[in-house]
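Q: Have a look at this one before I ask anything.
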Amino acid sequence: MAQWKFFSKNAVVEWATGSPRCVEHFQKQCGGDCFWGEDLFVDQCLWKVLGVRRENDFRILLEDHCEPPADWATCTEAD
């Protein structure tokens with residue numbers, strides 16, 4: 008199942024202008040690409056290098072590996 012990521016306009020602007028700083032930062036830190044997928048790279052870049060504040064709203068979307076409620080896949084609520 009695909010993951011969805013939502014970014015504010017400001018986060019996209021920060022990413023567009025700051026991603027080269029992230030590449031340089033993680034090249035130094037990990038001696039390479041840190042063996043991350045793009046989702047973790049973008050997450051760590053925005054958060055740790057560019058200082059973009061993260062807002063998590065776990066009510067919007069769920070994933071099967073994030074301990075969802077038993078009925079999550081059917082899009083129904085038990086209540």
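For the sequence shown, position 40 matches number 47 in the working numbering, and the numbering has no gaps at all. Backbone N, C-alpha and C define an ideal beta-carbon position, used for all residues, glycine too. As the structure is a computational prediction, the values presented were derived from the model and not from experiment.
1. So is C37 buried or exposed if we call it buried at 16+ other beta carbons inside 10 Å?
2. Straight-line CA distance for V59 to F42?
3. Can you list, in chain order, the residues of its chain whose CB lies under 6 Å from that of C52, leaving out five sequence neighbours each side?
4. What would DSSP say about F42, mapped onto helix, strand or coil?
5. Which residues in the same chain as F14 place their Cβ atom closer than 6 Å to its Cβ, once the five residues preceding and following it in sequence are excluded?
A: In brief:
1. On the sequence shown, position 30 is the one that residue 37 refers to. Answer is exposed; the Cβ neighbour count stays below 16.
2. Numbered from its first residue, the sequence shown carries residue 59 at position 52. Numbered from its first residue, the sequence shown carries residue 42 at position 35. Rounded to whole angstroms, V59 to F42 spans 22 Å at the Cα level.
3. If you number the sequence shown from 1, residue 52 lands on position 45. Excluding residues within five positions, the ones whose Cβ falls inside 6 Å are C29.
4. Within the sequence shown, the letter at position 35 stands for residue 42. In this structure, F42 counts as coil in the three-state DSSP scheme.
5. Position 7 of the sequence shown, counted from the first residue, corresponds to residue 14. For F14, where only same-chain residues beyond five positions count, there are no Cβ hits under 6 Å.
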